[in-house]
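Asker: Just dropping this structure here.
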Amino acid sequence: MPLRTPEQYRASLRDAREVYYRGQRVDDVTTHPVISLAARHASIDYEMAEDPQHRALAAVRDSDGTEYSRYYHLPRNPDDLLQRSRLIETATALGRTLVVLIKEIGTDALFALHRVAARADHDLGTAYLARVDQFYRYCRDNDLAVAVAQTDVKGDRSLPPSRQADPDLYLRIVERRSDGIVVRGAKTHTSVSTNSNELIVLPTRAMGEADADWAVAFAVPIATPGLKLLASPFGAHEEPRDEFEYPITSRHKMMETTTIFDDVFVPWERVFLAGEWQYAGPLALTFVEFHRFTAVSYKLPLVDVLVGTAQWLADCNGIARAAHVRDKLIHLISYAETVRGLTHQAAARARVDELTGIAYPDPLLVNMAKYHFAHHYHESVQMVQDIAGGSLVTGPGADDWTSELTGPYLRKYFRGRDGVSAEERLRAINFVKDLAASDFGAYQEVLAVHAEGSLEAEKLMIWRAYDAERTLRLARQMAGAEPPR
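Using this note's numbering, the letters of the sequence shown correspond one by one to residues 2 to 486.
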């Protein structure tokens with residue numbers, strides 16, 4: 002099957018999926034006033050493959066000449082990872098800082114499943130890798146949109162799954178049958194699930210032997226009976242937004258769901274882990290290694306645009322030469338280029354899994370990039386807000402601009418320095434307002450802290466990935482405490 006068109010992608014979402022929005026069943030996610038915006042945003046990945054400007058980046062050819070989405074290309078070397086990063090960066094820029102994610106996250110999970118399934122097969126004699134590869138080829142050859150559900154609702158986070166007061170607070174196997182398993186539980190923070198074709202489910206943490214029933218990984222179609230998606234209304238607007246006033250959120254939206262598994266049946270050919278508790282933690286961490294690389298790749302247009310809008314508004318406001326503004330711009334440039342440099346170097350220092358030949362980004366640098374982005378994001382937003390001024394939250398709306406009664410006043414009084422029209426200045430203000438002083442801005446700020454892992458999780462991975470013994474040995478050698486080796 003060739004690469005799908007945007008229209009074919011959206012048509013594939015019209016099925017029996019059980020989606021709820023504000024407590025009501027959604028009949029068609031492609032026509033719903035909120036969720037349809039997310040489906041149109043997600044179409045960017047399919048539009049890129051049809052656009053001659055982006056085709057070479059968005060698609061690759063197999064050895065037999067079959068063309069498919071680059072997202073599904075199993076990385077074998079640093080350049081494969083770097084091209085993947087560039088594809089993610091480009092798609093997110095087309096989404097005006099909002100990542101598309103309908104192929105990015107699913108393939109992150111598929112890469113991780115290949116590696117961990119191969120290890121489990123090698124150690125235990127299981128046959129998971131063949132199942133993973135079969136599902137991977139099905140998704141690749143049909144150009145599917147794939148979501149991932151990983152984070153359990155957890156209940157008492159100090160307790161493992163088997164010791165929770167309610168055993169369903171972590172998703173678990175409740176029945177093993179000759180033809181498959183039945184699972185029950187809930188996952189949260191599930192991105193793009195309302196407008197995907199398939200859902201991959203992964204464990205969220207390391208587990209002990211008593212947690213075997215909770216050590217489960219599998220894939221199901223979104224329209225599977227018993228799978229219920231409760232869509233978050235955060236940042237949603239049922240009425241269309243004016244693009245002049247909301248240049249980002251009038252056109253771009255991502256849906257997140259609480260994902261309920263109400264005794265969902267999964268056939269064995271789609272089960273990738275079923276009780277092998279020793280591999281729950283490695284699978285969770287291996288997924289994170291890929292997904293944090295995706296994360297820092299899609300943050301690059303965001304950090305770039307913080308620099309760009311700060312420059313633009315400083316110029317509009319006539320303060321570009323002020324020393325304190327220059328100081329803020331230097332901070333923003335350093336911030337953006339540090340994230341970019343660490344991201345690219347993580348690809349350059351890629352490692353190759355010995356069992357599968359799959360290349361994965363350097364874990365130390367990936368986590369450093371993600372931590373640096375998250376740790377400094379709020380500070381960087383503050384600097385952009387400072388340069389922009391209070392009109393971000395007190396300025397006029399689109400109706401004021403187009404009104405014959407009020408528009409002339411705005412054209413007169415919202416002009417910037419000589420040569421900067423009121424329209425240009427208001428477009429700059431509105432963009433920053435939508436980006437950094439709105440519900441979308443709050444969404445981005447929370448994502449900076451929690452998406453793809455918390456700050457503490459990234460710090461822990463930096464500590465684990467760093468070769469502390471090397472530097473300790475170097476210090477001891479330089480001090481004469483031990484001989485050089």
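Where is the CB? At the ideal position from N, CA and C, for every residue including glycine. Model, not experiment: these values are computed from the prediction.
#1: Taking a contact to mean a Cβ-Cβ separation below 8 Å, would you say Leu4 touches Tyr72 in this structure?
#2: Near Gly398, what residues of its chain come up, given a Cβ to Cβ distance below 6 Å and the 5 sequence neighbours on each side ignored?
#3: Mapping the DSSP letters down to three states, classify Gln25 as helix, strand or coil.
#4: Excluding the 5 residues flanking Ala360 on each side, which residues of the same chain have their C-beta closer than 8 Å to its C-beta?
#5: Ignoring anything shorter than 3 residues, give me the beta strand (DSSP E) runs that lie fully in the region 308-381, in order along the chain.
#6: Starting from His74, trace the alpha helix (DSSP H) in both directions and tell me its first and last residue.
#7: Which value, in whole angstroms, describes the spacing of the CA atoms of Phe374 and Ala466?
#8: Excluding sequence positions up to five away, which residues of its chain have a Cβ less than 6 Å from the Cβ of Gln478?
#9: Can you grab the Cα-Cα spacing for the pair Tyr444 / His379, in whole Å?
#10: Are Phe136 and Ala59 close, meaning C-beta to C-beta below 8 Å?
#11: Which residue or residues does DSSP assign as beta-bridge partners of Val133?
#12: Within its chain, find whatever has a CB closer than 6 Å to the CB of Arg341; leave out the 5 residues flanking it on each side and keep chain order.
#13: Tell me which same chain residues have a C-beta within less than 6 Å of the C-beta of Asp214, skipping the five on either side of it?
#14: Ile249 and Thr98 - do their beta-carbons sit closer together than 8 Å?
#15: Quick check: the Cα distance between Ala370 and Leu343, rounded to an integer number of angstroms?
#16: So, under 8 Å CB-CB, Leu365 and Met255 are touching, yes? Tell me the CB distance rounded to an integer number of Å.
#17: Assign Pro34 to one of two classes, buried (16 or more other C-beta atoms within 10 Å of its C-beta) or exposed (fewer than that).
#18: Going by CA-CA distance only, name the one from Ala211, Lys188 and Ala50 that's closest to Lys229.
#19: Helix, strand or coil for Arg62? Go by DSSP, reduced to three states.
#20: Excluding the five sequence neighbours on either side, which residues of its own chain have a C-beta within less than 7 Å of the C-beta of Arg225, listed in chain order?
#21: Consult DSSP for Pro485 and reduce its assignment to one of helix, strand or coil.
#22: Indicate whether Val326 and Ile261 have their beta-carbon atoms separated by less than 8 Å.
#23: Ignore the nearest five residues each way along the sequence and tell me which others in Trp313's own chain have a CB closer than 8 Å to its CB.
#24: In terms of alpha-carbon separation, which member of Asp212, His190 and Pro7 lies closest to Gln165?
#25: Do Val147 and Glu199 have their C-beta atoms closer together than 8 Å?
#26: If you compare alpha carbons, which of Gly276, Ala348, Pro283 and His238 is closest to Asp440?
#27: For Asp29, I'd like the list of residues in its chain whose CB is within less than 7 Å of its CB, leaving aside the five on either flank, ordered along the chain.
#28: Alpha carbon to alpha carbon, what distance is there between Gly358 and Ala121?
#29: Once the 5 residues before and after Arg62 are set aside, which same chain residues still bring their CB inside 7 Å of it?
#30: Per DSSP, what are the beta-bridge partners of Pro222 in this structure?
#31: What do you reckon, is the C-beta of Glu277 under 7 Å from a heavy atom of the ligand COA?
#32: When you compare only the Cα positions, how much space is there between Ala12 and Ala50?
#33: Who are the Cβ neighbours of Leu114 in its own chain at under 6 Å, not counting the five residues just before and after it?
#34: Cα separation between Ile334 and Gly391?
Answerer: In terms of the structure at hand:
#1: Here the question's residue 4 lines up with position 3 in the sequence shown. Here the question's residue 72 lines up with position 71 in the sequence shown. The Cβ-Cβ distance between Leu4 and Tyr72 does not fall below 8 Å.
#2: Position 397 of the sequence shown, counting from 1, holds the residue named residue 398. Excluding sequence neighbours, Gly398 sits near Glu246.
#3: In the sequence shown, residue 25 corresponds to position 24, counting from 1. Here Gln25 sits in strand by DSSP.
#4: Working through the sequence shown from its first residue, we reach residue 360 at position 359. So the qualifying residues of the chain are Pro76, Arg77, Asn78, Pro79, Asp81, Leu82, Ala351, Arg352, Val353 and Asp354.
#5: none
#6: Taking the sequence shown and counting its residues from 1, the one referred to as residue 74 is at position 73. That residue, His74, is in no alpha helix (DSSP H); it is neither H nor E in DSSP.
#7: Mapped onto the sequence shown, residue 374 falls at position 373. Mapped onto the sequence shown, residue 466 falls at position 465. Using only the alpha carbons, I get a separation of about 18 Å.
#8: In the sequence shown, the residue the question calls residue 478 occupies position 477. Here the set comprises Pro485.
#9: Here residue 444 refers to the residue found at position 443 of the sequence shown. Here residue 379 refers to the residue found at position 378 of the sequence shown. Going from the Cα of Tyr444 to the Cα of His379 covers about 12 Å.
#10: Indexing the sequence shown from 1 puts residue 136 at position 135. Indexing the sequence shown from 1 puts residue 59 at position 58. The answer is no: Cβ separation not under 8 Å.
#11: The residue labelled residue 133 in the question sits at position 132 within the sequence shown. Answer is none; Val133 lacks a bridge partner.
#12: Start at 1 with the first residue of the sequence shown, and residue 341 comes out as number 340. Around Arg341: Leu301.
#13: Numbered from 1 along the sequence shown, position 213 holds the residue referred to as residue 214. Excluding residues within five positions, the ones whose Cβ falls inside 6 Å are Arg173 and Ile174.
#14: Position 97 of the sequence shown, counted from the first residue, corresponds to residue 98. Position 248 of the sequence shown, counted from the first residue, corresponds to residue 249. It is a contact, given that the beta carbons lie within the stated cut-off.
#15: Here residue 370 is taken as the residue at index 369 of the sequence shown, counted from 1. Here residue 343 is taken as the residue at index 342 of the sequence shown, counted from 1. Going from the Cα of Ala370 to the Cα of Leu343 covers about 5 Å.
#16: Reading the sequence shown from its first residue, position 364 is the one you call residue 365. Reading the sequence shown from its first residue, position 254 is the one you call residue 255. Actually they do not touch by this definition, with Cβ atoms about 29 Å apart.
#17: Taking the sequence shown and counting its residues from 1, the one referred to as residue 34 is at position 33. Classification of Pro34: exposed, given that the 10 Å Cβ count is below 16.
#18: Position 228 of the sequence shown, counted from the start, is the residue given in the question as residue 229. Of the candidates Ala211, Lys188 and Ala50, the one whose C-alpha sits nearest the C-alpha of Lys229 is Lys188.
#19: Position 61 of the sequence shown, counted from the first residue, corresponds to residue 62. If DSSP states are grouped into helix, strand and coil, Arg62 belongs with the strands.
#20: By one-based count along the sequence shown, residue 225 stands at place 224. Note that residue 225 is Thr in the sequence shown here, rather than Arg. Within the same chain, Thr225 has close Cβ partners Val265.
#21: Locating residue 485 in the sequence shown gives position 484, where the first residue counts as 1. Three-state result, Pro485: coil.
#22: Here residue 326 refers to the residue found at position 325 when the sequence shown is read from its first residue. Here residue 261 refers to the residue found at position 260 when the sequence shown is read from its first residue. For Val326 and Ile261, no; Cβs fall outside 8 Å.
#23: If you number the sequence shown from 1, residue 313 lands on position 312. The beta carbon of Trp313 is closer than 8 Å to those of Ala429 in its chain, skipping five residues each way along the sequence.
#24: As a position in the sequence shown, residue 165 is number 164, starting the count at 1. Ranking Asp212, His190 and Pro7 by Cα distance to Gln165 puts Asp212 first.
#25: If you number the sequence shown from 1, residue 147 lands on position 146. If you number the sequence shown from 1, residue 199 lands on position 198. Yes, Cβ-Cβ distance for Val147 and Glu199 is below 8 Å.
#26: One-based indexing of the sequence shown puts residue 440 at position 439. Ranking Gly276, Ala348, Pro283 and His238 by Cα distance to Asp440 puts His238 first.
#27: Residue mapping note: residue 29 aligns to position 28 of the sequence shown, counting from 1. Taken in chain order, the residues that qualify are Arg15.
#28: Counting from 1 along the sequence shown, the entry for residue 121 is found at position 120. Counting from 1 along the sequence shown, the entry for residue 358 is found at position 357. Distance between the alpha carbons of Ala121 and Gly358: 16 Å.
#29: Counting from one through the sequence shown, the residue named residue 62 turns up at place 61. Scanning its chain for C-beta atoms nearer than 7 Å, with the 5 sequence neighbours on each side dropped, one finds around Arg62 the residues Glu68, in chain order.
#30: As a position in the sequence shown, residue 222 is number 221, starting the count at 1. Answer is Glu199.
#31: Ligands are entirely absent from the displayed structure, and the ligand COA is therefore not among its contents.
#32: On the sequence shown, residue 12 is found 11 positions in, with the first residue counted as 1. On the sequence shown, residue 50 is found 49 positions in, with the first residue counted as 1. Distance between the alpha carbons of Ala12 and Ala50 is about 17 Å.
#33: Within the sequence shown, numbered from 1, the residue matching residue 114 stands at position 113. Val133 and Phe273, listed in sequence order.
#34: Stepping through the sequence shown from its first residue, residue 334 is reached at position 333. Stepping through the sequence shown from its first residue, residue 391 is reached at position 390. Answer to the nearest angstrom: the Cα atoms are 23 Å apart.
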